[in-house]
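To start, the structure itself, in C-alpha cells.
Number of protein chains: 2
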Amino acid sequence: MANIKEIARMAGVSVTTVSRVLNNHPYVSEVKRTAVLNTIEKLNYTRNMNAVHLITGRTQAIAVIIPNINLFYFSVIIEGLAQEALLAQYRLILCQTDYRHEEELKVLEMLRNKEIDGVVIVSTRMSSEVIEEYTAYGPIVICQDRGERRFSSVYIEHYSAFRSGLQYLSDKGYQQIGYCEGRQHGSSSSIRQIAFSDFLAATGQPFHEEWMIHDCMNEEDGGRVLHELLKMKKRPNALIITGDHVAAGLIIEAWKNGIRIPEDLAVIGFDDQPIGRSLGLTTIDNQLPEMGATAFRIIYDKIQNNDGHPVHRKLEYRIIERSTV
Amino acid sequence: MANIKEIARMAGVSVTTVSRVLNNHPYVSEVKRTAVLNTIEKLNYTRNMNAVHLITGRTQAIAVIIPNINLFYFSVIIEGLAQEALLAQYRLILCQTDYRHEEELKVLEMLRNKEIDGVVIVSTRMSSEVIEEYTAYGPIVICQDRGERRFSSVYIEHYSAFRSGLQYLSDKGYQQIGYCEGRQHGSSSSIRQIAFSDFLAATGQPFHEEWMIHDCMNEEDGGRVLHELLKMKKRPNALIITGDHVAAGLIIEAWKNGIRIPEDLAVIGFDDQPIGRSLGLTTIDNQLPEMGATAFRIIYDKIQNNDGHPVHRKLEYRIIERSTV
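Chains as they are written, first to last, in my numbering: chain A, 1 to 325; chain B, 1001 to 1325.
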C-alpha cells in the first residue's frame, strides 16, 4: 500500500497538498485535488486514520443520537444539522437508538474513545447526570431544555408555543377547539397535552374526548380527520394540528367536500413546511431546522476553540399568519 | 465499575438474563429487563463492547453510506431501511459523505475493523472494484444497478421507469411534454435526461429548452413552475415531474389560477407520496422505501446466515392511475 509520499510523487504535487486533500483543507485547487483523488483511487490507498487522528487530534466527525430517523419531528431537525455539517465538511454519523439505553451509551462511549469530536443528542431518555459524566471527553449538545447543565442545549419552549397557538385561535373568537396530534407518546407530545388541558381549564371549556385526535402523521391522515369531523354530532370550529403535512391533507379534503376554511373550520398548523406555504396555512414555526443548525454551530464552535463551557440557547417560535384562521 | 455478575446480583436476576438484556435478546420479561436497565443506569455501567463483540462476533449495527441525508430521494430510501432496522433491533449508523472518497472509504474500513456487521451503500461514486475488495470483510448491499458484482444490489431501472411514464402520456394523446426535474446532477438524473431525449427522438418531437425545468425540490417550487408555464408563449400540455411534492404544489397553484388538470395540463408524478394520494395524482411508484427495506433484509439475512453470496434484486416500478392524466 502506497504512502503519502508516493501519492504526492505520482500525482505530481507536494506532500502538503496530499495531506490537505485528505484533511479536506479548503485551500487546494480543484485540479490538484482531483489529481490526488485519482491517484488515491488508482492505488486504493486508505490513509491510516489513527495516525491522522493522532496528528490533528480531530476526526472531522460528530455523532447524533436520534431515536428514530424517519419520524418527521426528528428528521426536520436533522435537515438543519446535515446542511451545516456538509458546509463545514464534517461527517455526520446518525445513530438510530430507539431510546435503548445501551445504544445511547455506545454513542457517548465513541466520544470517550475519541472516535468522534462531539455528540448531538436530538432526543434521549438518559438522565442529565449520565450525560454530564461524558462532558469530560468532548462537547455534547442536546436539543431539549434540560436546564443549566454542564452540556450545551438548544431548545424551544413547547408548552408556550402550543399555548400561544391556542390563545391565537381563542383571540380570533374560536371557542370549540380540537387537537390533532402525531405520536401520542414522546416528551414534546406530553408537554402539549398538558398545555391543551391547562388551556381548557383556564378558559373554562370542557374536554371533548373525540376532539382529541391521535396518530396523525401525514396528508392522508389529515384527510381521514376531516371525515371523522363530518361524522361528529357536535364539531369543533377550529383545529390545532401539530404538523403542516397533516393540516394540508385536511384542507385539501375540506375543499373537495365543500367545507370552507376558515369559515366552517379554522386550522392552525405547526412547522412552516412548503406545502403549508402553498396552501396559505396559518402555522406556528417552531424552527426545527434552525434547531439542528444551531446545535451543529455550537458543537463546531466548541470543537474549534477547544471550549468546554456549555451554552444554552432558546429559540423563539412565531405564529405565521396566513389565511386559514 | 461493576461487572456483569454484580449487576445480576443487584438486579436479582441471573447472569444469563443480564447478558440477554445487553444483547437485546427477545426472550426476557419486561420486568427483568427493566430491573437490569435500572441497575445499569444506577451503576452507570458500560459493558465492555469489545468483549461482547468477541463473544457474539456481531455488533448489531450496520453503516449506511449516503451522500446527503436531507435529499428527498435518499431520505425516502432511509425511511424503509430505518423501519426494518428498528424491527430487527439493529442500530443504523448513517454516514453522510457528500460523495467524498475518503469519507466513503472510512465507512468501508469500519467493516474491515469489525466495528459494524455490514454496509448499505445508498449512493456512491466509488468504483465497483474498490467496493469488491471489501466484500471479504462482511456483507455489502448497494442501492444501484452495478451488474453481477461480488456485492449485493437492489435497484429499479430508472431509464425504463421514466420512459414508461412518457409513453403513458403519449398513449393518452399528449404530444407536448415538459419535464420538471430535481437536482440536475446525480446518476439517476442523468439517466432520466437520456431517457427524455431518447423519447423525443423516437417520437420525432423537437426539444424545447424551456420545457425542461430544473431544481424542483418541493411544493413551492411546483407553484413557481406553474407561473413559469403561464408566462410561456407555447406551453406543454403535459408534465412529467420527478417528485410528488413538486407535482402537488403545481396542482394546488393550478387550482388557484383556474388551470384545469388534466384538461389544460396533464401531470404525472414520481414516488407515490401521501400528498399525491390526497390530490388524486397519477404517479410512478418506484418503490424507494421498499428499496431501503429490501437492502436491510438482504444484509440482515447475510449477517444471520454468514452468507457471502451476493444477491441482485430488481424492484418493479408501476404506474398508479388516478385523475391528473
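Glycine is no exception: its CB is placed at the ideal position from the N, C-alpha and C atoms.
Because the structure is a prediction, the values reported are computed rather than measured.
- Taking the CA atoms as reference points, Val122 (chain A) sits about 33 Å from Gly1223 (chain B).
- Annotation: Cβ neighbours of Leu1086 (chain B) in chain A (cutoff 8 Å, chain order): Asn68, Gln96 and Asp98.
- Non-local beta-carbon contacts of Leu1200 (chain B) in its own chain, meaning distances under 6 Å to residues more than five positions away in sequence, involve Phe1207 in chain order.
- Identification of residues in the region 1273–1304 of chain B having a C-beta nearer than 7 Å to some C-beta of chain A yields Pro1274, Ile1275, Arg1277, Ser1278 and Leu1279, given in sequence order.
- For Glu181 (chain A), not one C-beta of chain B is nearer than 9 Å to its own C-beta.
- Look at His245 (chain A) here: in three-state DSSP terms it is helix.
- Taking C-beta separations shorter than 7 Å and ignoring five residues to either side along the sequence, the partners of Ile261 (chain A) in its chain run Ile251, Ala254, Val267 and Thr324, following chain order.
- For the region 218–238 of chain A, residues whose beta-carbon sits nearer than 7 Å to a beta-carbon of chain B comprise Asn218, Glu219, Glu220 and Gly223.
- Burial state of Glu148 (chain A) is exposed, judged by a 10 Å Cβ sphere holding fewer than 16 other Cβ atoms.
- Going by DSSP, Ala1061 (chain B) is part of the beta strand (DSSP E) stretching over Ala1061 to Ile1066.
- Counting only runs of at least 4 residues, the region 1173–1223 of chain B fully encloses the following alpha helix (DSSP H) elements, listed from N- to C-terminal order: 1187–1202.
- Under DSSP, Ser1152 (chain B) shares a beta bridge with B:Val1141.
- What Leu1265 (chain B) touches in chain A, judged by beta-carbon distance under 9 Å, is nothing: the nearest beta carbon there is about 17 Å away.
- Within the DSSP bridge table, the entry for Ile93 (chain A) names A:Ala63 and B:Cys1095 as partners.
- Shown here for Leu71 (chain A): not one same chain residue has a beta carbon closer than 6 Å to its own, the five before and five after excluded.
- Remark: three or more beta-carbon pairs, one from each stretch, lie closer than 8 Å, so the region 289–305 of chain A and the region 77–94 of chain A are flagged as touching.
- Contact between Val1246 (chain B) and Cys1180 (chain B) is confirmed by a C-beta separation of about 6 Å, below the 8 Å threshold.
- The continuous alpha helix (DSSP H) containing Ile131 (chain A) extends over residues Ser128 to Glu133.
- The region 134–147 of chain A and the region 101–120 of chain A touch, with three or more beta-carbon pairs separated by less than 8 Å.
- Assigned with DSSP and collapsed to three states, His1312 (chain B) falls in strand.
- Listed by position along chain A, the residues whose Cβ is nearer than 8 Å to that of Gln1083 (chain B) are Asn70.
- Listed along chain A, the residues sitting closer than 9 Å to Glu1253 (chain B) by beta-carbon distance are Ser278.
- The beta-carbon separation of Gly1178 (chain B) and Thr1242 (chain B), rounded to 12 Å, does not stay under the 8 Å limit for a contact.
- Here Phe270 (chain A) is bridged, per DSSP, to A:Ile284.
- Here Asp272 (chain A) is near Asp244 (chain A), since their CB atoms are less than 9 Å apart.
- The alpha-carbon separation between Val13 (chain A) and Gly1204 (chain B) amounts to approximately 50 Å.
- Between Ser1127 (chain B) and the set B:Asp1117, B:Gln1144 and B:Asp1198, the nearest pair of CA atoms involves B:Gln1144.
- Looking at the backbone, the Cα of Phe1296 (chain B) and that of Lys233 (chain A) are separated by about 47 Å.
- In this structure, Ile65 (chain A) places its C-beta atom within 9 Å of the C-beta atom of Thr124 (chain A).
- For Arg318 (chain A), the uninterrupted beta strand (DSSP E) run begins and ends at Arg318 to Ile320, by DSSP.
- Residue range Gly118 to Ile121 is occupied by the beta strand (DSSP E) that includes Ile121 (chain A).
- The C-beta distance from Ala88 (chain A) to Tyr300 (chain A) rounds to 6 Å, short enough to meet the 8 Å contact threshold.
- The three-state secondary structure of Ile261 (chain A), taken from DSSP, is coil.
- Cβ atoms of Leu281 (chain A) and Ala248 (chain A) come within 8 Å of each other, at about 7 Å.
- In this structure, Ile1240 (chain B) sits away from Leu1315 (chain B), with a CB-CB distance that is not shorter than 9 Å.
- Cβ-Cβ distances below 7 Å link Arg1146 (chain B) to Ser1128 and Ser1153 in the same chain, with the five nearest sequence neighbours on each side left out; the list follows chain order.
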